[in-house]
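Okay, structure first, notes after.
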Amino acid sequence: MCGIVGAIAERNVVEILLEGLKRLEYRGYDSAGVALLDGEGNLTRTRRTGKVKELADALHTHPSKGNIGIAHTRWATHGGVTEANAHPHFSSDRIAVVHNGIIENYQRLRSELAAKGYGFDSDTDTESIAHQVHYELDQGADLLQAVHNAVKKFEGAYGTVIIDKNDPERMIVARSGSPLVIGFGIGENFIASDQMALLPVTRRFMYLEEGDVAEVTRTNVTVYDQDGQIVQRDIVESDIEHDAGDKAGYRHYMLKEIHEQPTVVRNCLQGRLGEHGISPNIFGQDADSILDNIKHVQIVACGTSYHSGMTAKYWLEQYANVSCNVEIASEFRYRKSFVHPNSLLVTISQSGETADTLAALRLAKSLGYSSSLTICNVPGSSLVRESDLAFMTLAGAEIGVASTKAFTTQLTGFLMLTLALGKHNGMSETDHKAIVDGLHSLPSKLEETLSLTQGIKDLAEEFADKHHSLFLGRGDQYPIAMEGALKLKEISYIHAEAYASGELKHGPLALIDDEMPVIVVAPNNELLEKLKSNVEEVRARGGIMYVFADKEAHFQSDNTMRVINVPHCSAAIAPIIYTLPLQLLSYYVAIIKGTDVDQPRNLAKSVTVE
Ligand code: M6R
Numbered sequence: 001m002c003g004i005v006g007a008i009a010e011r012n013v014v015e016i017l018l019e020g021l022k023r024l025e026y027r028g029y030d031s032a033g034v035a036l037l038d039g040e041g042n043l044t045r046t047r048r049t050g051k052v053k054e055l056a057d058a059l060h061t062h063p064s065k066g067n068i069g070i071a072h073t074r075w076a077t078h079g080g081v082t083e084a085n086a087h088p089h090f091s092s093d094r095i096a097v098v099h100n101g102i103i104e105n106y107q108r109l110r111s112e113l114a115a116k117g118y119g120f121d122s123d124t125d126t127e128s129i130a131h132q133v134h135y136e137l138d139q140g141a142d143l144l145q146a147v148h149n150a151v152k153k154f155e156g157a158y159g160t161v162i163i164d165k166n167d168p169e170r171m172i173v174a175r176s177g178s179p180l181v182i183g184f185g186i187g188e189n190f191i192a193s194d195q196m197a198l199l200p201v202t203r204r205f206m207y208l209e210e211g212d213v214a215e216v217t218r219t220n221v222t223v224y225d226q227d228g229q230i231v232q233r234d235i236v237e238s239d240i241e242h243d244a245g246d247k248a249g250y251r252h253y254m255l256k257e258i259h260e261q262p263t264v265v266r267n268c269l270q271g272r273l274g275e276h277g278i279s280p281n282i283f284g285q286d287a288d289s290i291l292d293n294i295k296h297v298q299i300v301a302c303g304t305s306y307h308s309g310m311t312a313k314y315w316l317e318q319y320a321n322v323s324c325n326v327e328i329a330s331e332f333r334y335r336k337s338f339v340h341p342n343s344l345l346v347t348i349s350q351s352g353e354t355a356d357t358l359a360a361l362r363l364a365k366s367l368g369y370s371s372s373l374t375i376c377n378v379p380g381s382s383l384v385r386e387s388d389l390a391f392m393t394l395a396g397a398e399i400g401v402a403s404t405k406a407f408t409t410q411l412t413g414f415l416m417l418t419l420a421l422g423k424h425n426g427m428s429e430t431d432h433k434a435i436v437d438g439l440h441s442l443p444s445k446l447e448e449t450l451s452l453t454q455g456i457k458d459l460a461e462e463f464a465d466k467h468h469s470l471f472l473g474r475g476d477q478y479p480i481a482m483e484g485a486l487k488l489k490e491i492s493y494i495h496a497e498a499y500a501s502g503e504l505k506h507g508p509l510a511l512i513d514d515e516m517p518v519i520v521v522a523p524n525n526e527l528l529e530k531l532k533s534n535v536e537e538v539r540a541r542g543g544i545m546y547v548f549a550d551k552e553a554h555f556q557s558d559n560t561m562r563v564i565n566v567p568h569c570s571a572a573i574a575p576i577i578y579t580l581p582l583q584l585l586s587y588y589v590a591i592i593k594g595t596d597v598d599q600p601r602n603l604a605k606s607v608t609v610e
């Protein structure tokens, strides 16, 4: 989704802005732009559709400079992908604005502003921010007051940075619904929608809170809360590695992130899992006493994170004796739902900024949940700051749009949550030991599973000309089949559907023919014989199957079935292990199809609008 970078310094800020935009590319975007204000009061703007490289080339061909600058990568919502719709947007060649989010009442604002004589050069909602601020200045406000006044008129979500040609010593930023972080330098300050953008220039960050407006000068930052009162916000030191954005020799971030999974899962377990169980309070301060009273878990998430919640439901109900519902955040937030007594609301998110998940958490606070926990990968993100308890997945920066290591670390966290809740709800010794032992073996089992790469590469060749595919699983492997289907469709653009294999005869069997590959996940568990019957139903109808199976499940390759043996592992960790071959399959199919693996079309890494 859209990305923002801003800088105010003694030096020329062009390269800082361009580097920041490059580091935000992973979020997904379709155009980019920069506005610069120099010491002589010249405000210039350069915008391009396509990649940040096009913008950088333009800025190098026609050099521009400025000590204050704002830059943006746009993921189109209102108005097509055109240069005119790219940010920054101007008002009267005086005000420049970049904006993430959606101003929902923009049509009314546009009409009002048009009636006041403002012309519009774009189809965006953002241009009304520029004109509204300009209008407030015309009424006699200074820039800071103008922004305070303007934001009162906006409905919807915004993270916005505004500069004024006539006020060249400051940037004004405002946040409501879309994250913004201020970066502190020495004699220079920065602003971004994501700290990744600023890691080359600072490691000291301040996260703005909902409703905050801040004045950022070269040497000072003053934050006002939504009541206009000056407030102090904490400054935190980031420990994200500066080179977290490197591919480390891999062709794509996605492949690097797939291969990092044994290491990041090990990191996720370290210090949290002892020889005989989990350490106290790994879900946050006082977590154990909070979890002690929990009898029901409501999970809310989107996309891949939703699939990890679906998997967790099987674990929590089977092992921890706790009832669990899982819902897509965009559904949960717009319906009246039943709140069970002693319920824990669990949000799951790689980014911690997904708009629907965040809105669901905020809604839940008014609904009577006992407590909220987030399982999240980004420290300091909105979900982490707004939840009662937080479990950091420690997967490190995930750059590929397709989520991989975030998913497997979320599942690792959920197995530990199963242990924590199970402790208070009569989990059997046998199940406890099986999960603890399974978790101890997990990093090395993941390493072993990565050795399937060559076989999966060969198999991927058979998918390249296919347009549709079916993924089948049973029990806790059903969400893994769903995740496999999501991975394939998002990066290879092959239509993929997942079914609980018991559902086959209720409709999807009608689709089976030799043009519809059927991918089956088949660990050796108590549902194996049922799954084998489903496999026979497909075979009888001429389907071609690719079966990821435990050796002891005794599937044999033949002319209708290719079997890929997955290392034997315990039942508790099987969903995590079987995820890897499906990630690799999607990756190599996408390579053969030549798609943009790390930034698939139409998608964004962090979905900060609903
Ligand atoms: O950052 P989140 O985990 O909240 O993101 C939710 C989804 O947008 C995300 O999981 C998406 O489905 C994946 N990028 C797909 O691989």
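Read left to right, the sequence shown gives residues 1 to 610 (UniProt numbering).
The C-beta atom is built at its ideal place from N, Cα and C for all residues, glycine as well.
Remember, it's a predicted structure, so these values are computed and weren't measured experimentally.
- Between the region 176-185 and the region 47-67 there are fewer than three inter-stretch CB-CB distances shorter than 8 Å, so the stretches are not counted as touching.
- Remark: C-beta atoms of R562 and Y578 do not approach each other more closely than 8 Å.
- Counted as a single uninterrupted DSSP element, the stretch harbouring T46 is not any alpha helix (DSSP H) but the beta strand (DSSP E) occupying residues L43 to T49.
- Annotated as proximal: T354 and V607, with beta-carbon spacing under 8 Å.
- Taking 4 residues as the minimum length, the alpha helix (DSSP H) runs contained wholly in the UniProt domain "SIS" (287-427) are 287-292, 303-318, 329-332, 355-365, 382-386 and 405-424, in order along the chain.
- Judged by their CB atoms, A56 and L43 are not nearer to each other than the 8 Å cut-off.
- For a cut-off of 8 Å, the C-beta gap from V609 to I102 is around 5 Å, short enough to register as a contact.
- Taking the Cα positions, H131 is about 32 Å away from A360.
- S606 carries a coil assignment under DSSP once its states are collapsed to helix, strand and coil.
- V547 sits in a strand when the DSSP states are folded into three classes.
- C324 is a Cβ neighbour of V297, given a cutoff of 8 Å.
- Here DSSP, grouped into helix, strand and coil, assigns L59 to helix.
- A residue is called buried once 16 or more other Cβ atoms fall within 10 Å of its Cβ, and N166, having fewer, is exposed.
- DSSP places I186 in the coil class of the three-state scheme, outside both helix and strand.
- For Y499, no alpha helix (DSSP H) run applies; the uninterrupted beta strand (DSSP E) run containing it begins and ends at H495 to A500, by DSSP.
- In this structure, the alpha-carbon of H506 lies about 19 Å from that of P517.
- Measuring C-alpha to C-alpha distances from L143 to each of R94, E25 and R110 identifies R94 as the nearest.
- When distances are taken from the beta-carbon of T357 to the heavy atoms of the ligand M6R, the shortest one is below 7 Å.
- Of the residues assessed, E169 falls on the exposed side of the cut-off, its CB having fewer than 16 other CB atoms within 10 angstroms.
- If you check the CB distance, L421 and T409 do not come in under 8 Å.
- Here the distance from the Cβ of L389 to the nearest heavy atom of the ligand M6R is not below 7 Å.
- Note on geometry: alpha-carbon atoms of P523 and V52 lie some 44 Å from one another.
- The beta carbon of Q195 sits no closer than 7 Å to any heavy atom of the ligand M6R.
- Look at A9 here: in three-state DSSP terms it is coil, with no helix or strand label.
- Taking 8 Å as the cut-off, the Cβ atoms of F548 and P508 do not count as close.
- Between the beta-carbon of F283 and that of L411 there is about 15 Å, and that puts the pair past the 8 Å contact cut.
- Secondary structure note for E215: its beta strand (DSSP E) is the uninterrupted segment V213 to V216.
- Secondary-structure assignment with DSSP links H89 through a beta bridge to V97.
- Beta-bridge partners of V173 (DSSP): V161 and A214.
- Residue side-chain check: G28 keeps its Cβ at 7 Å or more from all non-hydrogen atoms of the ligand M6R.
- Residue S238 holds the alpha-carbon nearest to the alpha-carbon of F205 among S238, E215 and E188.
- In terms of Cβ geometry, R27 and A604 form a close pair [threshold 8 Å].
- One Cα belongs to A540, the other to D514, and the distance between them is close to 12 Å.
- In this structure, the alpha-carbon of S176 lies about 9 Å from that of E155.
- As far as DSSP is concerned, F283 takes part in no beta bridge.
- The ligand M6R has a heavy atom closer than 7 Å to the beta-carbon of L486.
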